[in-house]
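Trainee: This is the structure I want to talk about, given as structure tokens.
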Amino acid sequence: MFGDVRYQVFISSTYEDLREERQQVTQAILELGHMPVGMELFPASDLRQADLIRKVIDESDYYVVLVGGRYGSIDESTGSSFTEMEYDYALTRNIPLLGFVRDEIGAIPGKYLETDPAKKEKLEAFRAKVLKRTCRKFSDPLELGLHVLKSLVSEIRLAPQIGWVRADQAKSIADISREQELRELSERQKAEITRLKKQLRDGSLVLDDEVKTPSGKDKFAISLTYNDREKQLTRSDIEYTYDDLLKIIGPSMFGYIQRRPGRGGAYSFEGNIIDAARMKIYEDAGSIQINLLSHQIDILLLHLKQMGILEFAETKDEDGGYFRGMTLTEYGERYLTTISLI
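Residue numbering for the sequence shown follows UniProt numbering, beginning at 1 and increasing consecutively.
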């Protein structure tokens with residue numbers, strides 16, 4: 001496993017208007033066994049933002065740019081958006097570049113369109129620049145995900161890069177494997193220390209030797225209800241490992257905060273769980289309507305939090321208010337990337 005070359009893929013785009021598109025691109029890269037990176041995943045730094053951008057791009061093997069209906073924030077020193085600055089810098093570094101441009105601007109919701117005339121002009125010039133090179137157009141996030149999947153496979157075949165298992169490394173595969181195991185152990189221990197400190201601070205630490213933290217290979221039962229072919233309400237309990245469930249729900253929290261739904265609402269990833277379970281009960285299900293028992297999702301998220309994979313986080317919404325939700329910890333992001341390669 002550790003002999004495989006894994007590539008770091010830099011995702012460049014505006015943020016708020018292309019959230020779903022970035023999620024699909026992130027998931028496509030993870031499904032290929034590679035590592036997506038974007039500036040939203042990096043903490044605050046003493047480096048000037050432009051310098052940090054260049055540093056991360058220098059460390060990347062491939063570069064993906066998405067162009068939608070917004071030009072984005074402008075760097076005062078250059079007069080260009082950060083997305084265009086990233087694109088121009090990637091060109092100078094001769095990094096394999098994959099461009100994807102929204103097909104019909106008129107189909108984009110108005111709140112995600114540029115209203116400033118100067119920015120609109122810069123956006124059109126940037127779109128034209130990207131379209132001069134080989135690129136693909138997309139009309140929705142799912143189509144974009146498929147384009148990225150196919151394009152990245154082709155680009156890796158035609159222009160393989162050094163990657164993260166370097167050909168000039170003197171270490172053996174056994175050494176690399178052992179180092180990875182030690183890193184994962186260290187991260188688990190750090191996450192456990194952080195969890196215990198927080199519980200101690202909150203007064204919620206339970207000193208009970210029988211309290212057991214689940215592992216990725218442990219099973220969690222998902223309960224579903226549906227009408228069978230005789231129109232009878234039926235309940236099925238389907239067991240998954242925590243690792244399998246994390247592969248289903250994790251990409252939606254990779255660099256993003258999953259907002260807790262209101263009463264009667266659902267997390268965006270619940271549909272993915274239902275889709276994964278659908279084939280297992282297909283023979284018995286007489287209706288396409290399948291429902292999850294709502295409380296079990298909260299239990300699953302709490303278990304993943306206990307494992308150090310998820311944490312509570314707070315951020316601003318589009319209206320300027322704050323909301324809390326769940327997101328992957330730093331350890332959780334690395335853990336998801338690792339199990340996605342298996």
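For each residue, glycine too, the CB sits at the ideal point set by N, CA and C.
Just so you know, these numbers come straight off a predicted model, no measurement behind them.
#1: Please confirm whether Asp61 and Ile162 have their CB atoms less than 8 Å apart.
#2: Using 8 Å as the cut-off, can you tell me whether the segment 91–105 makes contact with the segment 131–140, which would need three or more C-beta pairs spanning the two stretches below that distance?
#3: Taking the C-alpha atoms as reference points, what is the distance between Gly106 and Thr14?
#4: Can you name the residues that DSSP bridges to Val101?
#5: Counting along the chain, where does the beta strand (DSSP E) carrying Pro36 start and finish?
#6: Are the segment 17–31 and the segment 66–78 touching, with three or more C-beta to C-beta distances below 8 Å?
#7: Hey, how far is the Cα of Arg157 from the Cα of Tyr63?
#8: Taking three-plus beta-carbon pairs below 8 Å as touching, is the segment 243–250 in contact with the segment 271–280?
#9: Return the chain-ordered list of same chain residues with a C-beta closer than 6 Å to the C-beta of Gly38, the five sequence neighbours on each side being excluded.
#10: Report the three-state DSSP secondary structure of Ile297 (helix, strand or coil).
#11: Say whether the segment 147–154 touches the segment 24–33, bearing in mind that this needs 3 or more beta-carbon pairs closer than 8 Å, one atom from each stretch.
#12: Please state the DSSP three-state secondary structure of Val5.
#13: Does the distance from the C-beta atom of Glu270 to that of Leu292 stay below 8 Å?
#14: Judging by CA-CA distance, which residue of Glu114, Gly332, Gly321, Arg324 is the nearest neighbour of Leu310?
#15: With a threshold of 6 Å on Cβ separation, who are the neighbours of Pro96 within its own chain once the five nearest residues in sequence on each side are excluded?
#16: In three-state DSSP terms, what is Gly72?
#17: Count the other C-beta atoms from every protein chain shown that fall within 10 angstroms of the C-beta of Thr327, then say buried if there are 16 or more, exposed otherwise.
#18: Just verifying my parser: in three-state terms, what is the DSSP assignment at Ser45?
#19: Could you check which residue in Gln180, Ala118, Leu300, Ile57 has the C-alpha nearest to that of Ser215?
#20: Suppose the cutoff is 6 Å on Cβ atoms and the five residues either side in sequence are ignored; what does the same chain contact list for Gly286 look like?
#21: Does DSSP put Tyr322 in a helix, in a strand, or in coil?
#22: Is DSSP giving Asp237 helix, strand or coil here?
#23: Taking 8 Å as the limit between beta carbons, can you name the residues of its chain near Lys217, skipping five residues before and five after?
#24: Tell me whether Lys122 sits in a helix, a strand or coil according to DSSP, three-state version.
#25: Under a Cβ-count criterion, where at least 16 other Cβ atoms within 10 Å of its own Cβ denotes burial, should Gln23 be classed as buried or exposed?
Mentor: Once the coordinates are examined:
#1: Contact flag set, yes.
#2: Short answer: they touch.
#3: Per the coordinates, the alpha-carbon of Gly106 lies some 18 Å from the alpha-carbon of Thr14.
#4: Beta-bridge annotation (DSSP): Val101 is paired with Val67, Lys137.
#5: Its beta strand (DSSP E) spans residues 35–37.
#6: Yes: the two stretches touch, three or more of their Cβ pairs being nearer than 8 Å.
#7: Going by the C-alpha atoms only, they are around 15 Å apart.
#8: Yes, the segment 243–250 touches the segment 271–280.
#9: Within the same chain, Ile11 come within 6 Å of Gly38 by CB-CB distance, once the 5 residues on both sides are set aside.
#10: Of the three classes helix, strand and coil, the one that applies to Ile297 here is helix, per DSSP.
#11: They touch, by the three-pair rule.
#12: DSSP places Val5 in coil when its eight states are reduced to three.
#13: Yes; because the gap between Cβ atoms is below 8 Å, this pair is in contact.
#14: Out of Glu114, Gly332, Gly321, Arg324, Gly332 has the C-alpha closest to the C-alpha of Leu310.
#15: Result list for Pro96: Tyr62, Glu155, Ala159, in chain order.
#16: Three-state result, Gly72: coil.
#17: Buried is the call here.
#18: Residue placement at Ser45 is poorly supported in this model, since its pLDDT is 46, which falls under 50; the coordinates still yield a value, given next. Of the three classes helix, strand and coil, the one that applies to Ser45 here is coil, per DSSP.
#19: Closest in alpha carbon position to Ser215, among Gln180, Ala118, Leu300, Ile57, is Leu300.
#20: Only weak support exists for where Gly286 lies, its pLDDT of 48 falling under 50; the value from the coordinates is given anyway. Contacts found: Asn227, Asp228, Arg229.
#21: If DSSP states are grouped into helix, strand and coil, Tyr322 belongs with the strands.
#22: Looking at Asp237 - three-state DSSP - the assignment turns out to be strand.
#23: Cβ-Cβ distances below 8 Å link Lys217 to Thr241, Tyr242, Asp243 in the same chain, with the five nearest sequence neighbours on each side left out; the list follows chain order.
#24: Reduced to three states, the DSSP call for Lys122 is helix.
#25: In summary, Gln23 is buried, with 16 or more beta-carbon neighbours lying within 10 Å of its beta-carbon over all protein chains present.
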